Structure formats: C-alpha cells, structure tokens
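For the sequence shown, position 64 matches number 64 in UniProt numbering, and the numbering has no gaps at all. Every residue gets a Cβ at the ideal spot worked out from N, C-alpha and C, and that includes glycine. None of the values given here were measured: they were computed from a predicted structure. Worksheet for the structure shown next.
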Amino acid sequence: MERQRKKIQIDELESIVRLKQAEADMFELRANEARREAERLQRIALAKTKKSEEDYASRYLKQRLDEAEAEKQYLFEKIKLQESLRPTQSSAGTSDPSDMMYNKIQDLLKHMYTTPSNTAATSSDLHSLGAIP
C-alpha cells in the first residue's frame, strides 16, 4: 500500500511537471509571437520614418525649386526692364558698363596716338588693336 501511495504521488508530480512544461512551452510560443510582432512593427515604423523623411526632402526641394524659379523670373523681368530702359539711358548719355569700358579704351588709344611724346604708336598699331576700324 505504501508503495502504491508513493507511486500515485510520483505520478501526480510527473503530471504537474508535464503541465508546467506545457505551460512553459505555451509562454515561450507567446513570447516568440510577441517578439515577431515587435520586429514587424519596428520595420513598419522604420519604413514610415523613411517615407516621412523622403516626403520632407521632396517638399523642401520643391520649395527651393519654386524659390529658384521665382528668383529666375524676377531677374528675367529686371533684365527686360533694364533693356527697355537702355535706349532711354543711352540717349541721356549713359550706357551699360561694357560700352563705357570700350569707349574708355578707345579714348586712351586716341590719346596715345595724338600725344607727341609717344610717336611709337602709329596708325597701323591702332588698327591691329582694333581701335581704328
């Protein structure tokens, strides 16, 4: 009898061990599922963050492009206005800087040609420089 009682106790203990092992397996399975779910959510969060950064960069670059286009349009209008005012300015005696520089160079060459101390500058020298057509 004693032996049978001990065998029953051993069977009960083995049953408890199997139950606890099944419980541990179940918790391990749930932990693995939770880990996979966390990894999936992390990948989604990273993808959304990347998409958000790309959208921000795209909007920023579009804004910069719009600003550059506006600046280009402003400069184009400014140039058109200056060109439309140019005939009026040249009749008033002022012209653009390249014309002024060309006129200054011609004046210097004429001055060199007419100066008595500098007789080395001949008309052929001035022709080669393009000062006299």
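Listed in chain order, the alpha helix (DSSP H) runs fully inside the UniProt domain "Oberon coiled-coil region" (1 to 109) are 2 to 91, counting runs of at least 4 residues.
Between the alpha carbons of residue 6 and residue 38 lies a gap of roughly 47 Å. Looking at the backbone, the Cα of residue 104 and that of residue 72 are separated by about 32 Å.
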